[in-house]
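The opening residue of the sequence shown carries number 1 in UniProt numbering; numbering runs sequentially from there. Glycine included, each C-beta is placed from N, C-alpha and C at the ideal position. A quick note: this is a predicted structure, and the numbers were derived from the prediction, not measured. Since the structure comes first, as structure tokens, the remarks are kept for the end.
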Amino acid sequence: MTIDLAPIFTSSPVEFAVANDAANALGLQAMNRAFAESHRLLVLDWQHPSWWFRPYHHALTDTADRPVGVFRG
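If you want it as structure tokens, here you go:
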């Protein structure tokens with residue numbers, strides 16, 4: 001999956017929010033197609049503690065519970 005992020009950063013705040021949500025949804029959908037339901041990934045982000053990410057279960061939870069998104073806008 002490739003997403004051109006340049007237009008996201010030059011858009012209005014509303015368009016940025018929508019594009020941010022779309023990029024996160026597309027990334028999560030791609031991971032759910034690529035990995036088995038039981039598969040987990042280790043998320044490494046220098047600004048946050050590392051944590052286990054299960055794409056299938058992550059898609060079923062509220063977005064407020066997510067430490068970081070697929071796209072960190």
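Buried/exposed call for Phe9, threshold 16 Cβ in 10 Å: exposed
Closest by C-alpha distance to Val5, when choosing among Ala19, Val14, Ser12: Per the sequence shown, residue 5 should be read as Leu rather than Val. That would be Ala19, whose Cα lies nearest to the Cα of Leu5.
Residues sharing a beta bridge with Val43, DSSP: Trp51
Inter-residue Cα distance where the pair is Val70 and Tyr56: 14 Å
Residue-chain proximity (Leu42, chain C), Cβ-Cβ < 7 Å: Of the protein chains in this structure there is only one, and it is not chain C.
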